[in-house]
Each structure stands twice: as structure tokens, then as C-alpha cells.
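Numbering (full-length UniProt numbering), first residue to last: 1 to 97.
Data first, discussion second: the structure below is written as C-alpha cells.
Put into C-alpha cells, the structure is as follows:
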């Protein structure tokens, strides 16, 4: 059930990152049965979702994981850096540079 998707293609781990639920995110990742590389219907990753919303703590946590790729692009060829810049999250832009 950890990888069950909603209508937007988002899994519980994706929603935890998107809505800044870091303890839930950690718990799901520690379980080991979730896909850290999961993407939604627009090919956005956990990192895309958290960077776009300005969740610097989640961005830093995700990038501490060895398999997280900062350069992955979504359906529109945007990286997490694109989304952070577009949304005006200066601290995340600095961190991602």
C-alpha cells in the first residue's frame, strides 16, 4: 500500500514531501518499501514538489539521500531548480546551485 497512487499519481511518500511532513517522510523511507524515485503524473519527483513549495528542510533531507538526483526533469523539462526559481524560493535556489 506504500506505493498506492492518487488521481495525480502521487504516493504517500510523495505527499509527505509535498506537504512538509518530514517525520512521516522519514518513517516511510526507513520502512524500505517505498520508491524514493517515484514520480507523479507530470514526472515530478519528491524533490520537485518540495522545491516548488519552498520546503528547504525537505529539500536538504532528500539531497542527503545517496540516490536522489537533483537534475531530473519533469514532463516540461524543468528541474527542481527551475521550480524553486519560478516560485521565488531564494534559499533553495542558493542551495541547489
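Yeah, the Cβ is synthetic: ideal placement off N, Cα and C, and Gly gets one too.
Remember, it's a predicted structure, so these values are computed and weren't measured experimentally.
Proximity to residue i [Cα-Cα], best of the options
i: residue 34; options: 90, 71, 23, 4; result: 4
i: residue 48; options: 17, 11, 90, 97; result: 17
i: residue 64; options: 36, 11, 78, 31; result: 36
i: residue 96; options: 86, 80, 25, 87; result: 80
Exposed unless 16 or more other CB atoms sit within 10 angstroms - verdict on residue i
i: residue 13; result: buried
i: residue 52; result: buried
i: residue 8; result: exposed
i: residue 50; result: buried
Backbone CA spacing between residue i and residue j [nearest angstrom]
i: residue 61; j: residue 46; result: 11 Å
i: residue 15; j: residue 85; result: 21 Å
Beta-carbon gap between residue i and residue j smaller than 8 Å
i: residue 92; j: residue 57; result: no
### Task
Go through the region 1-57 residue by residue and report every complete run of the alpha helix (DSSP H) that reaches 4 residues or more, in order.
12-18, 22-31, 46-52
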